[in-house]
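Report on the following structure.
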Amino acid sequence: METIAMAKPRVPSYRLHKRSGQAIVTISGKMFYLGLYDSAESKAEYQRLISEWLASGQRAPQSASATTVNELLLAFIRHAKQHYRDADGNLTGTHEDFKPVMRALKQQYGTASVERFTPKSLKALREQWIESGHSRRYINDNCARIKQIFKWGVSEEMVAESTFRALSTVTSLQANRSKARETEPRQPVPIADIDATLEHLPDVVGDMVRLQLLLACRPTELCLMRPADIDRTGDVWVYVPRKHKTQHKGKQRHIYIGPKAQTILAKYLLRDGESFCFSPAESEAQRRAKQHANRKTPLSCGNRPSGVTRQFKDYYTKDSYGTCVRRAAKRAGVPKWSPYQLRHTAATDIRRQFGLEEAQVMLGHSRADVTQIYALKNEQLSTLVARTIG
């Protein structure tokens, strides 16, 4: 009787995944990431998986991690949407900061098991960001966010603790010791540049710039100012922002408003207490009215001014505020600057007139050993500075 020879199974091949630089093998329709291509570790993992596949009758190995990077990212984004919210329930900027990190992980390692994302994988991503021209600080922040995602995964039993510990061995890039682009420290804006820019700003945004320079506050703190948040009982008003940088740490921020700032701010307080002082819609309406008043064409010719049809937010964001300033600086022919630099300009002036401690308290900086007595001193110093220059 003639014996029919059984065909040998076709062994899945060891291949390069070009986008990630990882070695892969596809077994029973499922892709397995093996590690860095052509490394001894990836080849050993390939041999292990093929041996299991042959021994189990050509079934996909079951020993690989049950969690993929995509699954970890999906779980984390659900967590982030709940966790990174302010007191009013709105998503914070931190939620947005994770997006480019998760996009890179998904594109290059999404189908890989979390245990296959190694320190070399993290370094490979870091190298890509360096080659793309991103700054060292941006790259370090992104790497820290990746570690944070995997650390959270450990707490949810989706990632082995050893995987996170291994990623933690990747240290941050040090200043001037890598190919990453270094950024210049944020510098004060020359007063001459501010004055030139003001000539090209809408009235509302111009007043915002003048106020921020007097108050030494952060752009977001200024943008979210409302009449209801300002205590006007004393000769120096006190603004307590609902949202600020250190709010999640349980700290309260006080911004002191002196006579000069009060004069600028007064007309913006004539509104409902819960409304924002600085409205993009109001600014646009004023711009259009001024444009109409200065028109050269006779009123009998051309179009009548129409209402504002564009939809605006109720308040300026730090981004929209910054965009207005940068565009005006360009029109003025001065170097580009941002509202964040106004704090540095204000701090330089306060330090020159009063000293380092007064500048510290006006800007809302704190130290770990601050006591209740020191907090009272802060209030007294801030009131003095605001009464004198603000």
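Residue numbers (my numbering): 944 to 1333.
Glycine included, each C-beta is placed from N, C-alpha and C at the ideal position.
Owing to the predicted nature of the structure, the values given are computational and were not obtained by experimental measurement.
Taking only three categories from DSSP, how would you classify residue i?
{"i": "HIS1287", "result": "helix"}
{"i": "ASP1029", "result": "coil"}
{"i": "THR1114", "result": "coil"}
{"i": "ALA1272", "result": "helix"}
{"i": "THR1140", "result": "helix"}
{"i": "TYR1264", "result": "helix"}
{"i": "THR1106", "result": "helix"}
{"i": "LYS951", "result": "coil"}
{"i": "TRP1280", "result": "coil"}
{"i": "TYR1052", "result": "helix"}
{"i": "THR1011", "result": "strand"}
{"i": "LEU1034", "result": "strand"}
{"i": "TYR989", "result": "helix"}
{"i": "TYR1199", "result": "strand"}
{"i": "VAL1132", "result": "coil"}
Since residue i contacts residue j with CB under 8 Å, what's their CB separation in whole angstroms?
{"i": "LEU1167", "j": "ARG1185", "result": "7 Å"}
{"i": "PHE1255", "j": "ALA1224", "result": "4 Å"}
{"i": "LEU1157", "j": "ALA1204", "result": "4 Å"}
{"i": "HIS1197", "j": "ARG1124", "result": "About 37 Å separates the two Cβ atoms, so there is no contact after all."}
{"i": "PHE1093", "j": "LEU1068", "result": "With a Cβ gap of about 13 Å, PHE1093 and LEU1068 do not count as contacting."}
Pull up the distance between the alpha-carbon of residue i and that of residue j, whole angstroms please.
{"i": "HIS960", "j": "PRO1128", "result": "39 Å"}
{"i": "VAL1012", "j": "VAL1277", "result": "47 Å"}
{"i": "ASN1083", "j": "GLN1091", "result": "12 Å"}
{"i": "LEU977", "j": "SER956", "result": "12 Å"}
{"i": "PRO1043", "j": "TYR1259", "result": "24 Å"}
{"i": "SER994", "j": "GLN1117", "result": "43 Å"}
{"i": "ILE967", "j": "GLU988", "result": "10 Å"}
{"i": "ILE1293", "j": "SER1064", "result": "47 Å"}
{"i": "THR1054", "j": "ILE1137", "result": "51 Å"}
{"i": "ALA1087", "j": "LYS951", "result": "48 Å"}
{"i": "HIS1191", "j": "GLY964", "result": "Any reading at HIS1191 must be qualified, since the residue scores a pLDDT of 48, below 50, and its modelled position is unreliable; the value itself is stated next. Whole-angstrom Cα-Cα distance: 40 Å."}
{"i": "GLN1195", "j": "ALA1290", "result": "20 Å"}
{"i": "SER1218", "j": "LYS1210", "result": "13 Å"}
{"i": "HIS1038", "j": "ASP1029", "result": "11 Å"}
{"i": "GLN1051", "j": "SER1226", "result": "45 Å"}
{"i": "LYS1066", "j": "TYR1081", "result": "14 Å"}
{"i": "ALA1272", "j": "ALA1139", "result": "8 Å"}
{"i": "ARG991", "j": "VAL954", "result": "13 Å"}
{"i": "PHE975", "j": "LEU1015", "result": "16 Å"}
{"i": "ARG1002", "j": "SER971", "result": "7 Å"}
{"i": "PHE1060", "j": "LYS973", "result": "17 Å"}
{"i": "LYS1261", "j": "ASP1215", "result": "22 Å"}
{"i": "ARG1169", "j": "LEU1154", "result": "14 Å"}
{"i": "THR1114", "j": "GLY1032", "result": "34 Å"}
{"i": "ALA1390", "j": "ALA1171", "result": "The requested residue 1390 is not part of the displayed model; the chain covers only 944 to 1333."}
{"i": "LEU1048", "j": "PHE1041", "result": "11 Å"}
{"i": "VAL1183", "j": "VAL1102", "result": "42 Å"}
{"i": "LEU1208", "j": "ASP1150", "result": "8 Å"}
{"i": "ARG958", "j": "GLY1036", "result": "40 Å"}
{"i": "ARG1230", "j": "TYR1199", "result": "30 Å"}
Name the one or two DSSP bridge partners that residue i has.
{"i": "ARG958", "result": "ILE967"}
{"i": "ARG1124", "result": "SER1078"}
{"i": "TYR976", "result": "ILE967"}
{"i": "THR1206", "result": "For THR1206, which the question treats as bridged, DSSP gives no partner whatsoever."}
{"i": "ILE1089", "result": "For ILE1089, which the question treats as bridged, DSSP gives no partner whatsoever."}
{"i": "SER982", "result": "Partner(s): none; SER982 has no beta bridge."}
{"i": "ASP1174", "result": "VAL1181"}
{"i": "ILE1020", "result": "Paired residues: none, contrary to the question."}
Using a threshold of 8 Å, is the CB atom of residue i nearer than that to any non-hydrogen atom of the ligand GTP?
{"i": "ASP1262", "result": "Looking at this structure, you won't find the ligand GTP or any other ligand, since it has none at all."}
With 9 Å as the threshold, decide whether the Cβ of residue i is near any Cβ in chain C.
{"i": "ALA998", "result": "This model lacks chain C altogether; it includes just one protein chain."}
Three or more C-beta pairs under 8 Å: does that hold for the stretch 1015-1023 against the stretch 973-988? Under the three-pair Cβ rule at 8 Å, the stretch 1015-1023 does not count as touching the stretch 973-988.
I want to know whether the stretch 1122-1136 touches the stretch 1176-1185 - three or more CB-CB distances under 8 Å. Flag = no, the stretch 1122-1136 and the stretch 1176-1185 do not touch.
Between the stretch 1283-1297 and the stretch 1151-1165, do at least 3 Cβ pairs fall closer than 8 Å? yes
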